[in-house]
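First comes the structure, then the notes that go with it.
In full-length UniProt numbering, the protein residues as written are 1 to 137.
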């Protein structure tokens with residue numbers, strides 16, 4: 001029971017942070033604006049400290065989305081090779097200490113600000129619902 005739920009929560013945490021919460025909000029593309037490349041470039045790399053090793057370097061998430069056929073044991077070197085090519089489209093992850101406690105701040109900030117996306121538009125961003133933040137409208 002409990003180990004399973006801890007695993008599920010960790011998996012959700014990791015997945016959520018690869019697609020949310022950075023210094024700026026990430027665009028989400030759909031319809032005519034979406035492409036495989038654009039979709040891959042709206043993910044984020046994250047540094048999980050010592051956990052990187054047991055997660056097969058999935059923190060190198062951008063290159064994983066762009067080239068899913070690259071084996072996990074080449075993700076770090078592939079990311080390093082791709083960074084100069086990606087230029088401004090690559091968002092450098094914040095470095096972690098041994099424990100990735102810095103990610104809790106990213107999670108909390110994102111959960112306070114990223115509640116929904118509009119039903120209209122081909123380039124959308126997460127928006128905050130004032131009701132969920134305890135604000136009156």
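All residues carry an ideal CB built from backbone N, CA and C; glycine is no exception.
Is it buried or exposed, residue 21, if we count other Cβ atoms within 10 angstroms and call 16 or more buried? Classification for residue 21: buried.
Exposed unless 16 or more other CB atoms sit within 10 angstroms - verdict on residue 45: Classification of residue 45: buried, given that the 10 Å Cβ count is 16 or more.
Could you say which of 121, 112 and 86 lies nearest to residue 132 if we only look at CA atoms? Of 121, 112 and 86, the smallest CA-CA separation from residue 132 is found for 112.
Cα-Cα separation between residue 103 and residue 57, rounded to whole angstroms: Here the alpha carbons of residue 57 and residue 103 stand approximately 16 Å from one another.
Who does residue 124 pair with in a DSSP beta bridge? Note: residue 124 sits in a beta bridge opposite 28.
Sub-8 Å separation of residue 82 and residue 63 beta-carbons: The beta carbons of residue 82 and residue 63 sit closer together than 8 Å.
Which of helix, strand or coil does DSSP assign to residue 67? Three-state DSSP puts residue 67 in coil, outside helix and strand.
Distance between residue 25 and residue 49 (C-alpha atoms, nearest Å): If you draw a straight line from the Cα of residue 49 to the Cα of residue 25, it comes to about 24 Å.
Span separating the alpha-carbon of residue 92 from that of residue 40: Cα to Cα, the separation comes out at about 15 Å.
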